[in-house]
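Worksheet: one structure, shown below.
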Ligand SMILES: Cc1cc2nc3c(=O)[nH]c(=O)nc-3n(C[C@H](O)[C@H](O)[C@H](O)COP(=O)(O)OP(=O)(O)OC[C@H]3O[C@@H](n4cnc5c(N)ncnc54)[C@H](O)[C@@H]3O)c2cc1C
């Protein structure tokens, strides 16, 4: 028997998952809803978002302009119907968050303040100093505490979706505290499991961002979309990969090379001005800025450090008062992790893996091809981000599509048949056997989980980084197949039931290998350069062949089967991406 | 450098024991880096929580040489000689360095930590000036890392005490110009602010400068005024 049965089960308690839970409670007050999460919700990685959340607010701005910035930023791979829904609903979502208590930074007259952001032509990024994600997540979490009808499974790790091939009936999960393996039957399941930056060695993403939800969907037969599009953020701290938010540049920070030169001017991003200019120079899009770094490195104009080549972010001219008021967390992070003070020192930075544009293929209500299965947030690809996400679009994405998926799942659940208890029982028993075998039968392995994981990460960095080509991707595909075999027999020393984090690391490695394989296969298949996917062997964008999404289905042998799906264009035909001119 | 780590596996160990691990003495490593190094290369059975590694998710609090610390922001170079790492004091231990945080969350929930409003939701935002924001901002910075509970001599003896973070969170909403709530019945009790003996350890332990001790003292004053003056409801 299932431990529990609910109408809507949400896997993940970050921004998207919490927003979805409130939406279920509001849409169908009689429906039962639960959040199952591998960490306590307020530990989710939404907490680390710094810069802000975009939504049209000022009279000078318009929904069409936000849509255009998003679509051109995404190099025309965004589905424009999804973008239109997104820009329309984002303002309301951010206002609701304000009504729930979010401490947005303010104008002197009491209105919400907005700041510039990369690739955005207007000031539309709402912020709570530079801890926007932290405040957003805690506000949402605290608001869910008011909804006592939202049940929680804190520190439960979902391992598999229960399906009959057409419809989802629940999940199997490990109660991490006790080690108990159980099933939760559900009429609808929403995946809100976040991104997968941990497949790379150098990332801003937390340890928990291992792409589990993508792997759960993929194994259950739902396709992953546009997995080749991985965003490098141009300003990560060397060694730790801690993010220095784009807000630092929005407030006027400069990127300089070893000669103190604002090198972005050499890469068709505009001319330097003293004060920030929108959609220009340091406020260009992230893909272009990260690519410019690689060229600077090739020209020998970066600086060698023990943790790789760097350029510098210069905030000194902003002055202490502005830094403390607008980006205090940047200063705190630099003091703590780099032992330097941005008020007087240059900050060494280099591009760092930051965000997954791809994910579980969904429609505008978060629905997937598998009946009853929904996805939202970074784990989903709806797709508003196309080939390159604009900074500050993903927090509102979590809210808009979390809310939509929640409402849609609730509507579905109240009319859907009860979950099939037979399927829940047999698949639950299968999974219990498999996991107990994993835990108890692997202490003889030669390699450690961490060794295989490190090799996977290196493979991805070498093949699917900022620039890619066929040879390195083909080689990577072979290496990953080998690593999958090695991961299956890697050693697990910990056989205890309670809080067995080694078992979880093994399961997370399994998720990451699935994700890594789809990234490499999708990148290999896309023989063009678009946004964050740059092929040195196919340097131009090719709309005739590739104005299309990549879909990756899991084939019978476990490897990805790829196909293309046309992009939805409503009002903005493909054009040139122009920045700084 | 030696890390002396407290181990406890339920059903296996009768009582917690210390285990020594030798770790490279790297100047850029936080205590957490040394722990992940042990887990990845020396002993896969060591259990602890961590996630963001940038001092904001609140997962990795432990007692380091007897003091509650965020291990991702506490560096090996801050210590000489063996460093003792133990689970946060004041909470039941689930395993190794992992403590049960449900009692803490139960306390947080008791103070109605959400914005209380009546009436229809307006179309636009509630106005709030930068000064009004400043009035509660500091108390909104709590990352729920629980270091203040571990440092609090009252909580460690009496888990019914609401504790520093929960009271600071209540004040975060009490002082928010948009809030219409009243948390007097929960706060002005022996388990609430009157349980605090004002040692101030919570404020010293807080990695985010929330200053829960001040929040508690301020509410004591509010509560004292309330008991002498007739109660008038706040309206923003
Ligand atoms: C450092 C940083 C700064 C950022 N800054 C910004 C910004 O300023 N503006 C912006 O718009 N975006 C920003 N982003 C991006 C944005 O924060 C994320 O895309 C977004 O927060 C993702 O939210 P989510 O709800 O999808 O996932 P998350 O918040 O990552 O939550 C995922 C949830 O899923 C759960 N989970 C995962 N796997 C399992 C499993 N197997 N079983 C059970 N539960 C599971 C986790 O426990 C967690 O609760 C930033 C990202 C980073 C890394």
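Protein chains in written order, with the numbering used here: chain A, 503 to 1083; chain B, 23 to 258. Cβ atoms here follow ideal geometry from the backbone N, Cα and C, with glycine treated the same way.
- For residue 63 of chain B, the neighbours in chain A by C-beta distance under 8 Å run, in chain order, 950, 952.
- Per DSSP, reduced to three states, the secondary structure at residue 42 of chain B is strand.
- Proximity of chain B to residue 1003 of chain A at the Cβ level (cut-off 7 Å) is accounted for by 69, in chain order.
- Taking the Cα positions, residue 863 of chain A is about 43 Å away from residue 776 of chain A.
- Residue 708 of chain A reaches chain B at 73, 74, 75, 79, counting residues in chain order whose Cβ is nearer than 8 Å.
- Residue 875 of chain A carries a strand assignment under DSSP once its states are collapsed to helix, strand and coil.
- Using a CB distance cut-off of 8 Å, residue 95 of chain B counts as an interface residue toward chain A.
- Counted as a single uninterrupted DSSP element, the beta strand (DSSP E) harbouring residue 28 of chain B occupies residues 24–29.
- Taking 8 Å as the CB threshold, residue 644 of chain A lines the interface with chain B.
- For residue 36 of chain B, not one C-beta of chain A is nearer than 8 Å to its own C-beta.
- Not flagged as an interface residue toward chain B: residue 851 of chain A, since no C-beta distance is shorter than 8 Å.
- At a beta-carbon threshold of 8 Å, the residues of chain B lying near residue 648 of chain A are 134, 136, ordered along the chain.
- At least one heavy atom of ligand 1 is found less than 7 Å from the C-beta of residue 857 of chain A.
- Between the stretch 593–609 of chain A and the stretch 551–569 of chain A there are three or more inter-stretch CB-CB distances shorter than 8 Å, so the stretches are counted as touching.
- With a threshold of 8 Å between beta carbons, residue 66 of chain B makes contact with chain A.
- Beta-bridge annotation (DSSP): residue 883 of chain A is paired with A/863.
- For residue 1048 of chain A, the enclosing alpha helix (DSSP H) has its first and last residue at 1045–1048.
- For residue 107 of chain B, same chain residues with a beta-carbon under 8 Å away, outside a window of 5 residues either side, are 25, 26, 27, 28, 53, 57, 84, 85, 86, 93, 119 in chain order.
- At least one heavy atom of ligand 1 is found less than 7 Å from the C-beta of residue 745 of chain A.
- In the DSSP assignment, residue 72 of chain B is bridged to no other residue.
- Taking a Cβ-Cβ cut-off of 9 Å, the neighbours of residue 547 of chain A in chain B comprise 73, 74, 79, given in sequence order.
- For residue 1021 of chain A, the closest C-alpha among the options A/1080, A/695, A/959 is that of A/959.
- Neighbours of residue 601 of chain A in chain B, taken as residues whose beta carbon is under 9 Å from its own, are 137, 139, 143, 144, 147, 148, 200 in chain order.
- With a cutoff of 8 Å on beta-carbon distance, residue 721 of chain A and residue 936 of chain A are scored as not near each other.
- Remark: C-beta atoms of residue 205 of chain B and residue 192 of chain B approach each other more closely than 8 Å.
- The Cβ-Cβ distance between residue 237 of chain B and residue 169 of chain B does not fall below 8 Å.
- DSSP, read as helix, strand or coil, puts residue 135 of chain B in coil.
- Within chain B, no residue has its beta carbon less than 9 Å from that of residue 1081 of chain A; the closest one is some 30 Å off.
- By DSSP's assignment, residue 1064 of chain A forms a beta bridge with A/1054.
- In chain order, 537, 539, 543, 546 place their CB closer than 7 Å to the CB of residue 515 of chain A, counting only its own chain and leaving out the 5 sequence neighbours on each side.
- Contact of residue 835 of chain A with chain B by beta-carbon distance below 8 Å involves 76, 77.
- Within chain A, the residues placing a beta-carbon under 8 Å from that of residue 117 of chain B are 998, 1000, 1001, ordered along the chain.
- When the Cα atoms are used, residue 843 of chain A and residue 47 of chain B turn out to be separated by approximately 24 Å.
- For the 8 Å CB-CB criterion, residue 945 of chain A and residue 993 of chain A form a contact.
- In this structure, DSSP gives residue 758 of chain A an extended state, which the three-state scheme calls strand.
- Excluding residues up to 5 positions away in sequence, 52, 53, 86 lie with their Cβ nearer than 7 Å to the Cβ of residue 96 of chain B in the same chain.
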